[in-house]
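For the sequence shown, the residue numbers in the working numbering are 18 to 197.
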Amino acid sequence: MRHLALFLCFVLAFILAGCASLQETRQQSRNALADDRIAADTVNQLAQLYPPAKTQFNLIVTEPREFGELLAVKLRTKGYAVSETVKVKRVLFADTFAGLQQKPGSQPEETEARGMEASAAPPTPLAAGQGTELSYTLDTPEHGSLHTITLKVGNSYLSRAYLPDTRGVAAAGAWTYRGQ
18 MRHLALFLCF
28 VLAFILAGCA
38 SLQETRQQSR
48 NALADDRIAA
58 DTVNQLAQLY
68 PPAKTQFNLI
78 VTEPREFGEL
88 LAVKLRTKGY
98 AVSETVKVKR
108 VLFADTFAGL
118 QQKPGSQPEE
128 TEARGMEASA
138 APPTPLAAGQ
148 GTELSYTLDT
158 PEHGSLHTIT
168 LKVGNSYLSR
178 AYLPDTRGVA
188 AAGAWTYRGQ
């Protein structure tokens with residue numbers, strides 16, 4: 018019985034270590050050339066719709082962070098004013114659900130949600146609500162072949178797909194736009 022318990026603990030530890038290393042490997046295997054091409058194409062499309070030097074973006078940096086940082090640099094190079102906010106994933110622990118009820122004298126959920134975001138850079142001259150909010154979702158395949166970028170600019174959405182080629186990626190179609 019003791020050997021069975023020891024064996025089960027070993028298997029569980031092996032599985033958890035495998036999951037952690039899979040996530041690290043996935044983050045390390047990002048294609049920098051593809052990210053660069055997608056970011057450059059994204060900035061060129063934004064320049065057609067939102068004039069540089071007259072537009073301020075509040076960029077919400079999510080995963081993959083490398084792409085968000087690259088996008089911010091390319092936006093600034095093109096002439097946009099960019100304020101960055103990094104979305105931090107919340108780590109859940111075993112006793113997380115015990116704290117879901119609001120305790121007397123505690124902060125409401127809205128302020129707690131705002132507290133989960135941390136500024137990525139020192140304060141910039143932009144006020145928090147002054148620019149247009151810009152967020153992105155970059156889907157990169159592990160074994161597939163289709164990369165997609167979806168941008169949310171204010172209340173509008175832009176999206177485009179890419180296929181891998183010798184120079185990183187190539188556009189697989191036109192930009193789609195859904196706005197109000």
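Just so it is clear, CB atoms sit at the ideal spot from N, CA and C, and this is done for glycine as well. This one's a predicted model, so the numbers in the text were calculated from it and none came from an experiment.
Where do the N-terminal and C-terminal ends of the alpha helix (DSSP H) with residue i fall, by residue?
| i | result |
| --- | --- |
| K95 | 82 to 95 |
| T79 | It is not in any alpha helix (DSSP H) - T79 carries neither H nor E in the DSSP assignment. |
Tell me which residues share the same chain as residue i and place their Cβ nearer than 6 Å to its Cβ, disregarding the 5 neighbours each side in the sequence.
| i | result |
| --- | --- |
| H164 | T157, Y179, V186 |
| Y194 | L175 |
| S173 | G196 |
| E159 | none |
| L50 | G185 |
| T167 | T154, S176 |
Do you know whose CA, among the options, lies nearest residue i's CA?
| i | options | result |
| --- | --- | --- |
| S152 | V60, K95, I32, T94 | V60 |
| P69 | N48, Y97, L88 | Y97 |
| G190 | Q197, P181, R177 | R177 |
| K169 | S162, E150, P181 | E150 |
| G196 | P181, G171, E101 | G171 |
| E83 | W192, T154, E159 | T154 |
| T102 | K71, R93, L50, G85 | G85 |
| P81 | T72, Y67, L66, K104 | K104 |
| K71 | Q147, L50, D58, I32 | Q147 |
Might you give, ordered along the chain, the residues of its own chain that have their beta carbon closer than 8 Å to the beta carbon of residue i, omitting 5 neighbours on each side?
| i | result |
| --- | --- |
| L87 | D52, D53, A56 |
| D182 | none |
| W192 | Q62, L175, S176, R177 |
Considering residue i, what are the terminal residues of the beta strand (DSSP E) in which it resides?
| i | result |
| --- | --- |
| L175 | 173 to 182 |
| T167 | 164 to 170 |
| T157 | Note, T157: premise wrong, no beta strand (DSSP E); not H, not E. |
CB of residue i to nearest heavy atom of the ligand ZN: below 7 Å?
| i | result |
| --- | --- |
| R93 | Of ligands this structure carries none, so the ligand ZN is not represented either. |
Going by beta carbon distance, what residues of the same chain come within less than 7 Å of residue i, once the five residues before and after it are set aside?
| i | result |
| --- | --- |
| N48 | G185 |
| A64 | K95 |
| V99 | F74, L76, A89, L92, R93 |
Where DSSP assigns a beta bridge to residue i, which residues make up the other side?
| i | result |
| --- | --- |
| Y67 | Beta-bridge pairing links Y67 to no other residue. |
| R54 | According to DSSP, which records beta bridges pairwise, R54 is partnered with nothing at all. |
| A4 | Because the chain here runs from 18 to 197, residue 4 falls outside it and cannot be looked at. |
| E150 | N75 |
| V186 | P181 |
| T59 | Partner(s): none; T59 has no beta bridge. |
Problem set entry | Cβ contact check for the region 180 to 188 and the region 67 to 80: 3 or more pairs under 8 Å | no
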